[in-house]
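So that you can map any letter, position 60 of the sequence shown is 60 in full-length UniProt numbering, and since no number is skipped, the others follow by simple counting. Using N, Cα and C, we set each Cβ at its ideal position, and we do this for glycine too.
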Amino acid sequence: MRTEISRCKTAHKMTFTVLSLYVNNASLRELGDVESLGIREPIENVSKRKAFDEQLKEFHEKLTVLPDDRYDVELPWKLDTSAILPDNKELAL
């Protein structure tokens, strides 16, 4: 019986240690946010899953197996035409 109590105390101590480390690394705003607990909108989870599935499909389409049983894969690029960086040629000269 004594070992069972000591195991519970050890588990509680470890839980408090992990929790205190999390709290030290989180800002006050993040602690009040339900998303920090892993609670998210269902639509957000669906859209992330859909984006992941599209990326995985694109990865498999670009994957090629070389004759010596090695894989050739292109680097993943995020294509977002609305966020094209401006030219900084004047700053470089």
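What's the gap between the Cα of Lys57 and the Cα of Leu85?
Lys57 and Leu85 have their alpha carbons spaced roughly 27 Å apart.
Below 8 Å on the Cβ atoms is my guess for Val73 versus Leu63; work out the distance and round it to an integer in Å.
Indeed they touch by this definition, with Cβ atoms about 6 Å apart.
Where DSSP assigns a beta bridge to Val65, which residues make up the other side?
DSSP output for Val65 lists Tyr71 as bridge partner(s).
Would DSSP call Asp87 helix, strand or coil?
The three-state reading of DSSP puts Asp87 in coil, since its state is none of H, G, I, E or B.
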